[in-house]
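Chains as they are written, first to last, in UniProt numbering: chain A, 1 to 248; chain B, 1 to 248.
For every residue, glycine included, the Cβ atom is placed at its ideal position computed from N, Cα and C.
Protein chains: 2
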Amino acid sequence: MEAPAYQRIAATFRGRIATGVLRPGDQLPTEHDLADQFGVARQTVRAGLGVLVGEGLIVARRPRGYFVREREHMVYRPQEKSRPRPAVPEMDRFSEQIAATGRTPSYSIEVALIEAGADLAERLRLDPSATVVARRRVRYINGEPTNINDSHFPIDLVRDSEIMLPAYLARGTDRVLAELGYAQHRAIDEIFVRMPTPDEVHRLGLGPGTPVAVHFDTGYTESGRPVQCAVNVLPGDRHRIVFERHWS
Amino acid sequence: MEAPAYQRIAATFRGRIATGVLRPGDQLPTEHDLADQFGVARQTVRAGLGVLVGEGLIVARRPRGYFVREREHMVYRPQEKSRPRPAVPEMDRFSEQIAATGRTPSYSIEVALIEAGADLAERLRLDPSATVVARRRVRYINGEPTNINDSHFPIDLVRDSEIMLPAYLARGTDRVLAELGYAQHRAIDEIFVRMPTPDEVHRLGLGPGTPVAVHFDTGYTESGRPVQCAVNVLPGDRHRIVFERHWS
DNA sequence: TAGTGGTCTAGACCACAGG
DNA sequence: CTGTGGTCTAGACCACTAT
């Protein structure tokens, strides 16, 4: 009735991390040493540590060894998007927030024309084969990729506008959309939790065992027409999503 | 410059799932067959499939084989909590929502006195060693565990109240709290994303590769005093979190 | 260059549930 | 009973990077 050896190894270090015997940044013994200590083959040790890597508790830094993972959360507030701003802001909201903490924000921006597909078609009330403008950005803090923000617009709305240019827009796309006559008055936020795709792992430099939150932000005009759908991919080890509610 | 064999195997089936060649519920070839097809050892096949299990794309059902995972999301609306309800509701909100879709909701309830600890202490503005009442529930749909809802209260507020009894409360703890003079007027929702603890895996019957969203709901009275902090653990493969915003 | 983790093999035995 | 996945071993070679 005993647990398999690799699970005992995992449980041992999971416990040491939970109780603080091992703290973030601390190094674990090498696979070789653990094989000796537990009297098992190295592959068995690897299976055990693999469990903890999958749980996001430790990371392998070759050829240094295994380390207890350190995490730092930035606050992510979807509601900020619908709060008033100065008419001519110096920076977009993300840059503002990061710069306020003394760090350096930056972007990579890319604009593409794509087929809507099922997810976007449903939210923007288009045909799945309709063309949408995808404004794809990766946001960086101090050069480290932090999250993905892909905004999508029906092409009829934004043709020939600034939104089509892969350049930084200090006042934000929402403002541009409003100037085009599509001011948003209502939005729906949907959050899914899943493991990242290989593409997301690549774009965000994610380690194994890092789940992501996918935040769909669909904006509607006063007449109820959806004009914008943003897909934000937030690595779980870097974000804390915050909402605020008031009773009515 | 070729990818390792186990990654090619993972990529092969990841692709077939993404493109719909393999659909949810479909079975994969056996480890033995794949070892033959790819000309590698069975352990190598296991490493490849292990990647996909970790990504939550497939599940192993011994001794049947590997299957493409099926997922179904229930809608989770934190904002509902601050919407008005009938004075004497027949069921709590969760049961109402589930029963409305023709399924059967149920609960397991357990009440414990615990030390607050760092997370709760910070949110309830207590000392980490202070005692709080933990009302721990697992919510089931058709007998399947669906999510965890652990509500916490400073003991001074709820001593001798119904909240201390491990019994179903149709009108909900928020109402009881209001009757005790601690009506909530404001709440903060925080959402974290991470891999589940072994305890959560056990309580929720989670498969490998299933991340969870942890939703902290902290409620405040009109005077700004925190009176309640609920920790909801939502398996990523079963939930879609939805908020709604209106421009002000 | 030494030592780390990353990959792979070719066996083996086991527990479990379906036919 | 048969075949599945689950676990384990004792080797081997490789790629990478800190020193």
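Buried or exposed for A/VAL21, please, with buried defined as at least 16 other CB atoms from any protein chain shown within 10 angstroms of its CB.
Your numbering for residue 21 of chain A matches position 21 in the first sequence. A/VAL21 should be labelled exposed.
Would you tell me roughly how many angstroms separate the C-alpha atoms of A/VAL132 and A/VAL111, rounded to the nearest one?
As a position in the first sequence, residue 132 of chain A is number 132, starting the count at 1. As a position in the first sequence, residue 111 of chain A is number 111, starting the count at 1. Answer to the nearest angstrom: the Cα atoms are 11 angstroms apart.
For the beta strand (DSSP E) containing A/TYR6, name the first residue and the last one.
Working through the first sequence from its first residue, we reach residue 6 of chain A at position 6. From DSSP, A/TYR6 is part of no beta strand (DSSP E) but of the alpha helix (DSSP H) over 5-18.
Beta-carbon contacts of B/THR137 that lie in its chain and below 6 angstroms, excluding the five residues immediately before and after
If you number the second sequence from 1, residue 137 of chain B lands on position 137. The question names Thr, but residue 137 of chain B is Arg in the sequence shown. So the list reads TYR107, ILE109, ASN149, once near-sequence residues are dropped.
When the cut-off is 7 angstroms and only beta carbons count, does A/MET91 lie next to chain B?
Walking along the first sequence from the start, residue 91 of chain A turns up at place 91. Interface annotation, A/MET91: not in contact with chain B, CB-CB separation never under 7 angstroms.
Do we get a CB-CB distance below 7 angstroms when we pair A/GLU144 with the residues of chain B?
The residue labelled residue 144 of chain A in the question sits at position 144 within the first sequence. False, the Cβ-Cβ gap to chain B never drops below 7 angstroms.
Could you have a look at A/MET74 and say whether DSSP puts it in helix, strand or coil?
Counting from one through the first sequence, the residue named residue 74 of chain A turns up at place 74. Per DSSP, reduced to three states, the secondary structure at A/MET74 is strand.
Out of A/TYR76, A/ASP92, A/ILE9, which has the shortest C-alpha to C-alpha gap to A/ARG43?
The count along the first sequence starts at 1 and reaches residue 43 of chain A at position 43. Correcting the residue type first, residue 43 of chain A is Gln in the shown sequence and not Arg. Closest option to A/GLN43, judged by alpha-carbon separation, among A/TYR76, A/ASP92, A/ILE9: A/ILE9.
Looking at the structure shown, is A/THR173 part of a helix, part of a strand, or coil, going by DSSP?
Taking the first sequence and counting its residues from 1, the one referred to as residue 173 of chain A is at position 173. Secondary structure of A/THR173 (DSSP, three-state): helix.
May I have the straight-line CA-CA distance separating B/LEU113 from B/ALA134, to the nearest angstrom?
Mapped onto the second sequence, residue 113 of chain B falls at position 113. Mapped onto the second sequence, residue 134 of chain B falls at position 134. Spanning the two alpha carbons is a distance of roughly 6 angstroms.
Option in B/GLY65, B/PRO226, B/PRO24 with minimal Cα separation from B/THR30:
Along the second sequence, one-based indexing puts residue 30 of chain B at 30. When each option's Cα is compared against that of B/THR30, the closest is B/GLY65.
For a contact defined as C-beta to C-beta under 8 angstroms, what are the partners of B/VAL242 on chain A?
Reading the second sequence from its first residue, position 242 is the one you call residue 242 of chain B. Within 8 angstroms Cβ-Cβ: ILE188, ASP189, GLU190, ILE191.
With the cut-off set at 7 angstroms, would you say B/THR173 and B/ILE163 are in Cβ contact?
As a position in the second sequence, residue 173 of chain B is number 173, starting the count at 1. As a position in the second sequence, residue 163 of chain B is number 163, starting the count at 1. In this structure, B/ILE163 lies closer than 7 angstroms to B/THR173 by Cβ.
CB-CB length for B/PRO89 against B/ARG139, believed under 8 angstroms
Taking the second sequence and counting its residues from 1, the one referred to as residue 89 of chain B is at position 89. Taking the second sequence and counting its residues from 1, the one referred to as residue 139 of chain B is at position 139. Not quite, the Cβ-Cβ distance comes to about 17 angstroms (not below 8 angstroms), so this is no contact.
For the alpha helix (DSSP H) containing A/PRO198, list its first residue and its last residue.
Taking the first sequence and counting its residues from 1, one reaches residue 198 of chain A at position 198. For A/PRO198, the enclosing alpha helix (DSSP H) begins and ends at 198-204.
Hey, how far is the Cα of B/MET1 from the Cα of B/LEU204?
Here residue 1 of chain B refers to the residue found at position 1 of the second sequence. Here residue 204 of chain B refers to the residue found at position 204 of the second sequence. Unreliable positioning characterises B/MET1 in this predicted model, as indicated by a pLDDT of 48, which lies under 50. The coordinate reading is nonetheless provided below. Their backbone Cα atoms lie some 42 angstroms apart in a straight line.
Nearest to A/PRO78 by CA position, among A/GLN7, A/ASN232, A/VAL193, is which residue?
In the first sequence, the residue the question calls residue 78 of chain A occupies position 78. That would be A/ASN232, whose Cα lies nearest to the Cα of A/PRO78.
B/HIS246 versus chain A: which residues are under 9 angstroms apart at the beta carbon?
In the second sequence, residue 246 of chain B corresponds to position 246, counting from 1. By Cβ distance, chain A contributes SER82, HIS185, ARG186, ALA187.
Residues near A/ARG14 in its chain [Cβ-Cβ closer than 7 angstroms; skip 5 each side]
Counting from one through the first sequence, the residue named residue 14 of chain A turns up at place 14. Around A/ARG14: LEU52, LEU57.
From the DSSP secondary-structure annotation, give me the bridge partner or partners of A/PRO154.
Locating residue 154 of chain A in the first sequence gives position 154, counting from the first residue. When beta bridges are read from the DSSP output, A/PRO154 appears opposite A/VAL132.
A/ARG123 and A/THR218 closer than 7 angstroms at C-beta
Taking the first sequence and counting its residues from 1, the one referred to as residue 123 of chain A is at position 123. Taking the first sequence and counting its residues from 1, the one referred to as residue 218 of chain A is at position 218. The answer is yes: Cβ separation under 7 angstroms.
Kindly indicate the opening and closing residues of the beta strand (DSSP E) around A/ARG61.
Counted from its first residue, the first sequence places residue 61 of chain A at position 61. According to the DSSP assignment, A/ARG61 belongs to the beta strand (DSSP E) that extends over 58-61.
Sequence ranges, alpha helix (DSSP H) only - wholly within the stretch 97-148 of chain A, length at least 4
With a minimum length of 4 residues, the continuous alpha helix (DSSP H) runs that stay inside the stretch 97-148 of chain A are 117-124.
Thinking C-alpha only, which one of A/LEU28, A/ALA213, A/CYS229, A/GLY209 is nearest A/HIS152?
In the first sequence, the residue the question calls residue 152 of chain A occupies position 152. Selected option, being the one with the closest Cα: A/CYS229.
So for B/ARG93, helix, strand or coil by DSSP?
Translated into positions along the second sequence, residue 93 of chain B becomes position 93. DSSP places B/ARG93 in the helix class (H, G or I) of the three-state scheme.
State yes or no: is the beta carbon of B/LEU213 nearer than 7 angstroms to at least one beta carbon in chain A?
The residue you call residue 213 of chain B lines up with position 213 of the second sequence. Rather than Leu, the amino acid found at residue 213 of chain B in this sequence is Ala. B/ALA213 counts as touching chain A.
Can you tell me which of the three DSSP states B/GLY50 falls into?
Position 50 of the second sequence holds residue 50 of chain B. Helix.
Please classify B/GLN37 as buried or exposed, where buried requires at least 16 other C-beta atoms within 10 Å of its C-beta.
Numbered from 1 along the second sequence, position 37 holds the residue referred to as residue 37 of chain B. By the 10 Å Cβ count, B/GLN37 comes out exposed.
Could you work out which residues of chain A lie near B/ARG194, taking near to mean beta carbons separated by less than 8 angstroms?
Sequence index remark: in the second sequence, residue 194 of chain B carries index 194 (1-based). Ordered by position in chain A, the residues that pass the 8 angstroms Cβ test against B/ARG194 are GLY56, PRO211, GLY236, ASP237.
On a CA-only basis, which of A/ARG93, A/ASP26, A/GLU55 is nearest B/ASP199? Give me that one, please.
Sequence index remark: in the second sequence, residue 199 of chain B carries index 199 (1-based). That would be A/GLU55, whose Cα lies nearest to the Cα of B/ASP199.
Which residue from A/PRO208, A/ALA100, A/VAL212, A/GLY181 puts its Cα closest to that of A/GLU222?
Here the question's residue 222 of chain A lines up with position 222 in the first sequence. Put simply, of A/PRO208, A/ALA100, A/VAL212, A/GLY181 the residue whose alpha carbon is nearest the alpha carbon of A/GLU222 is A/GLY181.
Can the beta-carbon of B/TYR6 be found closer than 7 angstroms to that of B/ALA35?
In the second sequence, residue 6 of chain B corresponds to position 6, counting from 1. In the second sequence, residue 35 of chain B corresponds to position 35, counting from 1. The Cβ-Cβ distance between B/TYR6 and B/ALA35 does not fall below 7 angstroms.
Residues bridged to B/ILE188 by DSSP?
Here residue 188 of chain B refers to the residue found at position 188 when the second sequence is read from its first residue. B/ILE188 pairs with A/GLU244, B/THR218.
Have a look at A/THR210 and B/VAL158 and give me their C-alpha separation to the nearest angstrom.
Here residue 210 of chain A refers to the residue found at position 210 of the first sequence. Here residue 158 of chain B refers to the residue found at position 158 of the second sequence. One C-alpha to the other measures close to 38 angstroms.
If you check the beta carbons only, do A/PRO128 and A/GLY143 fall under 7 angstroms apart?
Indexing the first sequence from 1 puts residue 128 of chain A at position 128. Indexing the first sequence from 1 puts residue 143 of chain A at position 143. When the beta-carbon positions are compared, A/PRO128 and A/GLY143 stay at least 7 angstroms from each other.
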